[in-house]
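If you count the sequence shown from 1, you need to add 3 to reach the numbering used here.
Don't be surprised by glycine CBs; every beta carbon is placed ideally from N, CA and C.
Heads up: the structure comes next, in structure tokens.
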Amino acid sequence: MRRLGADLLPDLPPGVAVPDYLDREPRIGIVHFGVGNFHRAHQAMYLDRLLAAGLADDWAICGIGLLERDRRMQEALTGQDGLYTLTLRHADGRDEISVIGSIRRFLHAPDDPRAVLEQLADPGVRIVSLTITEGGYVEDEASGRRAADDPQVLAETGSGLAEPRTAFGWIAAGLRERRRRGIAPFTVLCCDNIQGNGEVARRSVEAVARLADAELADWIAAEVAFPSTMVDRITPVTTPADVERIHERLGVDDAWPVASEPFAQWVIEDRFPAGRPPYEAVGATLVDDVHAYEAIKLRLLNAGHQALAYIGMLAGHRLVDEAVADRRIARWVRGYMEREGVPTLTVPAGFDVPAYIDQLFERFGNANVADTLARLGTDASNRIPKFVVPTLRDRIAAGAAAETGAQLLASWWAFNRRAAAGEFELDDEAAAQLMAAASGAPLDFLTALPTLDGLADSEGFVAAYLEAADRLERGADAFLAG
4 MRRLGADLLP DLPPGVAVPD YLDREPRIGI VHFGVGNFHR AHQAMYLDRL
54 LAAGLADDWA ICGIGLLERD RRMQEALTGQ DGLYTLTLRH ADGRDEISVI
104 GSIRRFLHAP DDPRAVLEQL ADPGVRIVSL TITEGGYVED EASGRRAADD
154 PQVLAETGSG LAEPRTAFGW IAAGLRERRR RGIAPFTVLC CDNIQGNGEV
204 ARRSVEAVAR LADAELADWI AAEVAFPSTM VDRITPVTTP ADVERIHERL
254 GVDDAWPVAS EPFAQWVIED RFPAGRPPYE AVGATLVDDV HAYEAIKLRL
304 LNAGHQALAY IGMLAGHRLV DEAVADRRIA RWVRGYMERE GVPTLTVPAG
354 FDVPAYIDQL FERFGNANVA DTLARLGTDA SNRIPKFVVP TLRDRIAAGA
404 AAETGAQLLA SWWAFNRRAA AGEFELDDEA AAQLMAAASG APLDFLTALP
454 TLDGLADSEG FVAAYLEAAD RLERGADAFL AG
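Right under this line is the structure:
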């Protein structure tokens, strides 16, 4: 079977959108760290639409891989002229397939560090963006991480950034090189699911720079923009069935296709001193302040995912749509959103929160997406502190017991407890710590994790947590019957 490539685009079936802009040879304007499924279904898709409209010929993407596992993405993209398929899975069972071509280059940093530095220093590059997951930031108040404690950061800063290893080391090294050459700095655009993600990215970049060169860090603080964003599109992990589906429908092989729900949202703080693509022309929302939008998304959608994941798996479900179809679970998750999330929000004028929640459940219930609960529960030690804990602290500070939030944490405890017994597999960098903490009494789990500090100081919260843990010891049915 032939592999997807530019020469095969004319042979694809009717109805498949293809990048007709490749002959214009769009120039690299964005460097992106963390080219995974989400980036390819979201930011790269927006750029593809702009390129197709003739609005972004100076804004194509160069992806950068830092880890050994990124070599597979490099091979997939470079072996296909940078092309891949994106399938939008509609709830009615219809698939909408397009070929995306906005990633025009991919570099694996360990193989060619000089090429990465030159790409970052290129005057045509005016944005460096990131999707490195919530746990990838080396200076983060929510997780307690400090750049000065990170072995990779210490190694790269100890060499004076001569051999960067982290995205932040590379960004600092690239900015230093631009400064040396008299080239204006690029804008750093964080696209991870973190509240105030621009500020979180700034702290990590400046902290790494300061460990290597205090003067550079001061220059970055004064000259570099770190706008915040809110991103949204449910994007499952690629499966062998996805690969086979493209093979059958297009008659070509795609080494790493991506599929997602049809819904996409991107709210961007409009602060780009070096310029930006006209994102608003393809549906993005440019605003002065992203905070209210990102809080709504993080505290309802992302926290809702956490609420679904653990009780859903404890109840024997595997897929997200199966868990949502369980009315007991749907009722409880909606209760969490309405009782804990909504009271903490500052809602923008004209934003309909009840309609947004209804839309979330429609999206969660899209069986054609085939999203898994295990994916939602991945890296929970980083996601719970960012998506759930801030809401609970706000509720407790306002005098509420946050009973439903306490139940959510109890479901996480029960899931980790059963993982420690071998019933579930944890995909989490802190798996050993979580299972050890969950193996003791329920309250031990609440007090053993630094990211949950302070919650146990609320008597009402603790009472609700322990009552939920007791029901969970008797099983998911006992919990959901309460």
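For the set Asp447, Ala434 and Val234, the Cα lying nearest the Cα of Ile271 is the one of Val234. Taking 9 Å as the cut-off, the Cβ atoms of Pro13 and Ser105 do not count as close.
Taking the Cα of Ala318 as reference, the smallest distance to any Cα among Trp415, Ala210 and Ala383 is reached at Trp415.
In this structure, the CA atom of Val255 is about 26 Å from the CA atom of Gly37. For Thr450, the enclosing alpha helix (DSSP H) starts and ends at Pro445 to Ala451. When rounded, the separation of the alpha-carbon atoms in Ile332 and Gln46 is 32 Å.
By the 16-neighbour rule on beta-carbons within 10 angstroms, Glu247 is exposed. Inter-residue distance for Asp329 and Tyr313 is about 14 Å (C-alpha atoms, whole angstroms).
Cα atoms of Pro239 and Thr136: separation of roughly 14 Å, rounded to the nearest angstrom. The region 117-134 and the region 87-98 do not touch, with fewer than 3 CB-CB distances between them shorter than 8 Å.
His308: member of the alpha helix (DSSP H) spanning Ala306 to Leu317, first to last residue. For Trp269, the uninterrupted beta strand (DSSP E) segment begins and ends at Gln268 to Glu272. With a 10 Å radius around the Cβ and a threshold of 16 neighbouring Cβ atoms, Arg184 comes out exposed. Residue pairing for His35: DSSP places it in a beta bridge opposite Gly66 and Ser132. Nearest in C-alpha terms to Ile237, of all of Pro243, Pro265 and Ala212, is Pro265. A check of alpha carbon separations from Pro126 across Asp61, Leu80 and Glu142 identifies Asp61 as the nearest. Met233 is bridged by DSSP to Val270. Within the same chain, Pro239 and Val240 come within 7 Å of Arg378 by CB-CB distance, once the 5 residues on both sides are set aside. Counting along the chain, the unbroken beta strand (DSSP E) around Tyr87 starts and ends at Tyr87 to Arg92.
In the DSSP annotation of this structure, the continuous segment of the beta strand (DSSP E) that includes His111 starts and ends at Ile106 to His111. For the 9 Å CB-CB criterion, Tyr49 and Trp259 do not form a contact.
For Pro16, the number of other beta carbons within 10 angstroms of its own is below 16, and it is reported as exposed. Within 10 angstroms of the beta-carbon of Arg168 lie 16 or more other beta-carbons, which makes it buried. CA-CA distance, Arg302 to Thr450, rounds to 23 Å.
Taking 4 residues as the minimum length, the alpha helix (DSSP H) runs contained wholly in the region 398-453 are 406-423, 434-441 and 445-451, in order along the chain. In this structure, Val293 lies near Thr232, with their beta-carbon atoms less than 9 Å apart.
Excluding the 5 residues flanking it on each side, Trp173 has same chain C-beta neighbours closer than 6 Å at Pro167, in chain order. Under the criterion of beta carbons closer than 8 Å, Val191 and Val141 do not qualify as touching, at roughly 14 Å. DSSP places Ala175 within a helical segment (H, G or I) once states are collapsed to three. For Phe109 against Leu69, the beta-carbon gap comes to about 12 Å, at or over 8 Å, which does not count as contact. A straight-line Cα-Cα distance of about 6 Å links Asp257 and Leu7. Of the residues assessed, His320 falls on the buried side of the cut-off, its CB having 16 or more other CB atoms within 10 angstroms.
Distance check between Ala112 and each of Gln198, Arg205 and Val34 places Val34 closest, using alpha-carbon atoms only. In the structure shown, Ala145 adopts coil according to DSSP, grouped into three states.
Residue burial is scored here from C-beta neighbours: Glu297 has at least 16 other C-beta atoms within 10 angstroms and is therefore classed as buried. Counting of Cβ neighbours within 10 angstroms places Thr394 among the buried residues, the total reaching 16 or more.
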